[in-house]
Amino acid sequence: MDFNVLSLLIWLPVAGAAIVIGLPRRRPELVVPVAFALSILTLGLAGFVVVDFDLSNPGFQFVEKTAIWSDLGIDYNLGVDGISLFLVALTSFLFPIAIVASVNITDRRKEFMATLLLLEGALIGVFLSLDLILFFVFFEVLLVPMYFLIGLWGGERRLEAALKFFLYTALGSAFLLVGIIFLSAQANDQFGSPTFNYLELLNLDISTTTQYWLFAAFGIAFAIKVPLFPFHTWLPDAHTEAPTAGSVILAGVLLKMGTYGFLRFNLNLFPHAAVELAGFLAALAVVGIIYGAVVAIVQPDIKRLVAYSSVSHLGFVILGIFALTSQGVSGGVIQMVNHGLTTGALFLLVGMIYERRHTREISAYGGIQKVMPLFAGFFLFTVFASAGLPGLNGFVGEFLILLGSYARHPILAIIAAVGVLLAAVYLLWAYERVFTGELDSDENRALTDIGVREIGILVPIVALIIFLGVYPKPVLDRIEPAVERVLDRIEDRTGFDSPLRISDVTTDGVEVTP
Amino acid sequence: MVELVLFIVFGAIALAGALSMVLHPNPVHGALGLMATMLSIAVFYVVNSGHFIAAVQVVVYAGAVMTLFLFVIMLIGVDRHENLEESLPIQRPLAIAVGIAFLVLLGLIGGNAWITAPEAASPPNGTVENIADLLFTDWLLPFEVTTLLLIIASVGAVALAQYDPRPKE
Amino acid sequence: MVDYIWIIIALPLTGAVFLHFFGTRMGEPAAGAVASATIGLSFLYALAAAADFFTGSGEAEAVHLFDWIPALGANAQLLWDPLSAVMTLTVTGVGTLIHVYSIGYMHGDPRYGRFFTNLNFFAASMLILVLADNFGLLFVGWELVGLSSYMLISFWFTRPSAAAAGKKAFIVNRVGDVGFLVGLMLILANFNTLTYGAVLENPARFVTAGTATAITLLLLLGAVGKSAQIPLFFWLPDAMEGPTPVSALIHAATMVTAGVYMVARTASLFELSSFSAGTVATIGAFTALFAATIALTQRDIKRVLAYSTISQLGYMFLAVGSGAYIAGIFHLVTHAFFKALLFLGSGSVIHALNDEQDMAKMGGLRKVMPVTHATMVVGWLAIIGIPPLAGFWSKDEILAIAFGEGGWFTFLWVIGLITALLTAVYMTRWMYLTFWGESRWEDGVEPHESPPIMTVPLIGLAVGGAFFGLLNTPFRGPLRPAFEHFLEPSFEGVIAMAHIPSGATPWNLATISVVAAALGALFAYRRYRGARAYEIPPFASKRTGVWRWVGAGYYVDDIIGNLLVLPGKLVAAWTAFVFDNEVIDGSVRAVGGGVRRIGGWLRPLQTGFVRSYAAVTFAGVVGLLVWFVARGVG
Amino acid sequence: MDVTAGWYLALGAALFVIGASGMLLRRNALVMFMSIELMLNAVNLNFVVIGRHTGDLNGQVAVFFVMVVAAAEVVVGLAIMIAVFRRRASASVDDLATLKG
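Protein chains in written order, with the working numbering: chain D, 4 to 517; chain F, 7 to 175; chain B, 375 to 1008; chain E, 76 to 176.
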């Protein structure tokens, strides 16, 4: 590797934010093209990483390491593996889309775009950090741009929502920081010097009781972020009040930090606790799946409905991760990406119609498929992707998760399968109420269908949704080695025997030994 | 013996000046009292071989700073007796109690653990040269930083002085 | 030939994609022609690929296309064996005729192009379903046909009833799919793969009878949803909101038979569990009878056929449940012919009467629609089981096998026989009210015969409905059971395969059922020959007593609506607005409020007076000193 | 009778307490300010005295810095006071209680 591509991935958008801020105030028309070009450049870098990624190496690649504060063992340490790879790709994919979706923002546009770029850098940083302090810094720093996105450009109750979001997640982070520092202190006891290096902390020998405590400290932070039932109530508020781009990023990427954290830290650093508590967390996840879906059914506000659907979908991810089977965990990872795409697309679509009609009330609509056939088509497509229709991306993840988790949590998996049904219920019912029936109000009759820019936003997502649904192999090939490594580690550390691994499965019809 | 006399005389002046500042209802009198205290402290500096800082004390403190005080008192027109009645409910008893407690505690500490280091054979010689030696070697960085502080302070003072809260006509 | 079997799916899929982008611009009839051509070519390709099976030299072959989810043993891999060949030929063959028919039927619809997009897409999905070589891909097809069904039922989306019906169909299907999905979980857990080859070949190696029962019952739940059997049948009558060709293709000929196909495909699992098989047969028989009674009372021309479809699917379930897999598939194929025929014929009638679906306003159409009438007579005779038409051979084979199984199945045979009688009654009634008797058209309606583009497919289906049955007669010689020989390789490993009892029994049974059918027809003839509009209700001039129950479909929709959907919504509303908002978010807000209250208590401490702060600070210093002194002294 | 460091320290303490009492008892901002100066002087005296006792010149350097900082502080503080007085026409800190909770 000749250049530090990962650093560039983080700092290019951050520098981009400064560039955008520095654009001359007399040339407001430059803001969006420059921001867009920078985010596309970042996407290009991410694409390079995905292509150049070595499939045969299950560990971290493109590693960069520089000491920041060697006395305390804080490093600037970056690396990417199969688990974080596609989250980085997803992040860099969603930001150009979010930028183009926000061209109609006229109020402090420059600051808006700069905030978005800053957020992008911080998010990528979270997924790439291999140093816990670095991770924590990025994890916290991105609260600030997100707070402003909601608080400055949000809806009517934006300040309340932004504050709730900020305080709730900051509360979780407090536990996380304590956990991180405690880990470093443990390292000081065991290795003679403190370190925050993830790879070195993996070698710690932590007693089971301590693991429980640390698992809880990390787990609360991530559970709030996911959000796992019952920590989810900040999500609908934040989603509802956030501007479209904010909702897209929040649902598409921000929530993944929680699930990613569970997978990266809780499973790896505290394997004993993870194995013991897997059932509990999977149960919470399943409660979330059903609960989110049930609550979504009756929401009168489309954005809230989609927000609760996120609670339900992320329950699947957590269920997959704590299934502790190859299929479940890799399903969880790919489902993170899938959820980012489909829910992101749903929020974009809701944003488009909100721009036209300035209401999110489902009851205000009806029959608009007649005047917006293209929009309806995209919406229906996304609805089915979200409901896990086979052939589209959502199914691959849910299928892997459900079948993978049955091996370890049979009852929970069966209950979770009901979530698939409920997803169809709330999404199709909402679709029915918004799009079909008689066009009975003048405002609705005056709606215009989506234009070229909006189609341009949606088409890349749609293409990816189909591609991932039909041919997920390139993605699964990169995810699976990393997941296998996680599970190998857990089995190795705890003597736990994962009930279903990739090697167990045969794909041809030849003899299978029982 | 000389030192004892100086201590008693100027100590008395210092205390008197300090008390007059606190107790006299007119701020102008208070400022003058404080000036007396500062001058007597300058005398103690000299006695304790701090020649340079004694000079600074007289020039900067007793001279410039106190003049500035007087100037401001005159400027904003508070150069008259003020009402010394206390308006805050428990402020006065609390202040006195705390003050006394503080003195008592200092006394206790003095009784138990005054200065434990043995008295040096020769007192340091606070001449300009010696102080300058220290300032430009060990304390160079803080010294430079104080320059920065002074610049900021003067800029800030100017900015504050120019600020006019009344709406422009 | 077989290596490129994916072409069968690719053709209609390409058609769908092409029409999606260009269909609207092409307009009619070009869009319809493209759609019909793609599926027609698929049919021809399938015919050519199946040539080896006709000669008896073909071998089942799996064609690997690409890796899909290898971690679950589910790849894009197709299976070409006699069973999938039969299904493919049925889907594409009947499908082609229905596509052609639609060119005429959808004439003038503003979304003409979109209709054929969806129809082609459905064909592709159904072909994925029948050609899949693993349960994963089967599930893909399974859900995609549900999607197409949804889009086609609510094709006329401005009608709220159509939109609601589409949603209902999809969701009820999904209920079954949950069972299917859990079944797949069990399969993966026990077989470590989803590939047919590994699962279906002698599954007793891996699972006990108990596990097999669990798996098959779960799969059955999926099948019941898709094939509209008790208890998940109630979506199908509503599905008639879709355009009539859709009802013919999806809700009569192909998609709803997927459940039967799946049970036949997993025969080796079902034979491990006599309980599951018995359940299948029992559900089938009871559904057959139950739906037939409702069909007696309907006034809507298509709803009669919808309940009839449910009833006939019940026969197929009875067949596969009795172990008569080939008979079940055989009935599936003959039913595809004559039920598609009947639907398309009713479409022709609806078309002729300017979208009138109420049979009370029909009658006497025989004279003005001779071709439609003639083909409908064939369909009528076929479905009520008059020899030598197709329905006779397939239905009587099922009944004979059920009788031959003995025990509980004898009882099911009785039910089947009663159903046969009822079928004759309601279908004869249907013919009388529509084609025969006096005309009761509304004023100004002038019925006319449909154009050839619609009648030619009718004739084609009528020919199939008339003669296809001859492919599987119990006779030797020129009328030997060719169909059975054709399919047998697919059921080689199935030991419990049932056959028609030997000797004179089948002949006696056949006589009994023909007599039953004749009696039913005779009864309907006496009752309806002079039917007038006010007499439409089934057996009395007013709907009273039990007939009111039957006429309302036993109020199943109301029961579901009031016992399931409404409480469900209430629970959801309670959860969302009371529990979530007040308990969960309430406790979050309570934490915030608590902090705020504590802040309120502490607030007076901030007096705003600098001197108070200074005093407290100084007191703090004193406090620290006290501590120092205490430590120093102590 | 020798004047030992203790005497001076006692004097410093007395001056400090007087200054502190002035802080707490007077509400004229200027007098409070002067009290602060008095406290600083008291501490400075201690610096010098202890410096002499231990023979260390650094005490006097510290005094030098305190003076500089105090000078800067006086400049800014008095400027603030003038600014406040312009708005309020009062030098009483008790009138400045808008931050009351």
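Beta carbons: idealized from backbone N, C-alpha and C, even for Gly.
Buried versus exposed, by CB contacts within 10 Å (16 or more), residue i
i                 : result
Ile86 of chain D  : buried
Gln686 of chain B : buried
Met375 of chain B : exposed
Phe65 of chain D  : buried
Phe16 of chain F  : buried
His725 of chain B : buried
Glu816 of chain B : exposed
Leu976 of chain B : exposed
Leu940 of chain B : exposed
Trp72 of chain D  : exposed
Asp74 of chain D  : exposed
The beta strand (DSSP E) enclosing residue i, as first and last residue numbers
i                 : result
Ala436 of chain B : Glu435 to Ile443
Trp454 of chain B : Ala448 to Trp454
Helix, strand or coil at residue i [DSSP, three-state]
i                 : result
Val996 of chain B : helix
Ala384 of chain B : helix
Phe142 of chain F : coil
Val66 of chain F  : helix
Thr569 of chain B : strand
Glu364 of chain D : strand
Asp110 of chain D : coil
Asn119 of chain E : helix
Ala506 of chain B : strand
Asn492 of chain B : helix
Ser167 of chain E : strand
Asn103 of chain E : strand
Asp77 of chain E  : coil
Asn131 of chain F : coil
Asp452 of chain D : coil
Ser160 of chain F : helix
Asn564 of chain B : helix
Paired residues, beta bridge with residue i - DSSP
i                 : result
Ala70 of chain D  : D:Asp78
Asp304 of chain D : D:Glu364
Val83 of chain D  : D:Gln64
Asp491 of chain D : Bridge partners of Asp491 of chain D: none, in fact.
Ser132 of chain D : D:Leu81
Limits of the alpha helix (DSSP H) - the one that residue i falls within
i                 : result
Trp432 of chain D : Pro413 to Phe438
Val634 of chain B : Ala632 to Arg639
Gly811 of chain B : It is not in any alpha helix (DSSP H) - Gly811 of chain B carries neither H nor E in the DSSP assignment.
Practice item. Check whether the segment 670-678 of chain B touches the segment 426-439 of chain B, counting contact only when three or more Cβ pairs, one atom from each stretch, lie closer than 8 Å. Key: no
Review point. Does the segment 28-38 of chain D come close enough to the segment 153-161 of chain D that 3 or more CB-CB pairs lie under 8 Å?
Key: The segment 153-161 of chain D vs the segment 28-38 of chain D: no contact.
Practice item. Could you say if the segment 275-295 of chain D and the segment 379-386 of chain D meet the contact criterion of at least three C-beta pairs nearer than 8 Å? Key: no
Practice item. Could you tell me whether the segment 883-898 of chain B touches the segment 465-476 of chain B, using the rule of 3 or more Cβ pairs below 8 Å? Key: no
Exercise for review: Taking 8 Å as the threshold, find out whether the segment 236-244 of chain D comes into contact with the segment 131-138 of chain D through three or more Cβ pairs.
Suggested key: In short, these stretches do not touch, since the Cβ pair count stays below three.
Exercise for review: Evaluate contact between the segment 978-994 of chain B and the segment 85-102 of chain F, counting only Cβ atoms and requiring at least three cross-stretch pairs below 8 Å.
Suggested key: yes
**Study point:** At least three beta-carbon pairs within less than 8 Å, the segment 221-230 of chain D to the segment 166-175 of chain D
**Key:** yes
Practice item. Report yes or no: do three or more beta-carbon pairs, one from the segment 113-122 of chain D and one from the segment 75-82 of chain D, lie closer than 8 Å? Key: no
Exercise for review: Answer yes if the segment 596-616 of chain B comes into contact with the segment 624-634 of chain B, meaning at least three C-beta pairs across the two stretches below 8 Å, and no otherwise.
Suggested key: At 8 Å Cβ cutoff, the stretches touch.
Review point. Quick check: the segment 154-167 of chain E against the segment 130-143 of chain E, are there 3 or more CB pairs under 8 Å?
Key: no
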